[in-house]
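J.:
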Amino acid sequence: MFNVTNSGYNYDSYHYGYEVGPDGHFHHERRGQDGVTYGCYGHVDPNGKLHVTHYVADSRGYRVVEPNKPVLIYLEDEPDWDGYGSGQRETVRPWTAIFLPRGCGRYGSAYGESHNFFELSSDHNGTSFVDFYNPEDYNDVQNKQYNNATTRNNDTS
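Here the sequence shown is numbered in our numbering, starting from 1 and rising by one per residue.
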């Protein structure tokens with residue numbers, strides 16, 4: 001029998017996501033070690049505009065959150081010494097400190113900002129997906145330039 005006590009790790013945490021079809025529908029979700037679920041879903045319209053909804057699901061339920069604004073989070077309170085707790089603890093986190101999963105385009109161009117970009121990409125099977133990248137990150141810029149150049153150089157059509 002395997003028993004873990006006081007490990008400091010929340011085994012209820014998870015992370016998943018998907019992107020489907022040529023229309024760029026996507027959904028990414030992560031449950032953090034704080035017990036709160038963070039995520040986003042959306043699509044890219046025919047004009048190439050990204051539409052995304054960010055959300056949290058905490059001890060008060062599911063709520064849409066507004067990008068680039070502080071987020072009120074309700075955490076489950078630990079029971080007091082007598083076994084009763086106050087039920088919930090409020091905490092306000094800056095937008096940059098919430099645990100959105102990769103793929104949510106935290107600073108997305110859907111909000112008129114220029115420092116995060118997305119593109120529709122395809123894998124080797126032809127499956128389309130929304131690919132987010134941050135050009136302020138040197139590695140992302142270099143990878144995009146390399147990948148785009150490689151694709152152009154290998155194009156035999």
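For glycine and all other residues, C-beta sits at the position ideal for the given N, C-alpha and C.
Spell out the partners DSSP gives threonine 37 in its beta bridges.
T.: The partner list for threonine 37 (beta bridge, DSSP) reads Arg31 and Ala57.
J.: Using a Cβ-Cβ cut-off of 7 Å (strictly less than) and excluding sequence neighbours within five positions of phenylalanine 99, which residues of its own chain qualify?
T.: Correct list, in chain order: Arg30, Gly32 and Tyr38.
J.: With distance defined between alpha-carbon atoms, name the residue in Tyr74, Thr96 and Asp34 nearest to proline 67.
T.: With distances taken between Cα atoms, proline 67 lies closest to Thr96.
J.: Given a cut-off of 8 Å, decide if histidine 54 and cysteine 40 are closer than it, judged by their beta-carbon atoms.
T.: Yes, they are a contact pair.
J.: Got a sec? Which residues, its chain only, sit under 7 Å from proline 94 by beta carbon, not counting five neighbours each side?
T.: Pro70.
J.: Considering only the beta carbon of each residue, do valine 36 and valine 56 sit closer than 8 Å?
T.: Yes, Cβ-Cβ distance for valine 36 and valine 56 is below 8 Å.
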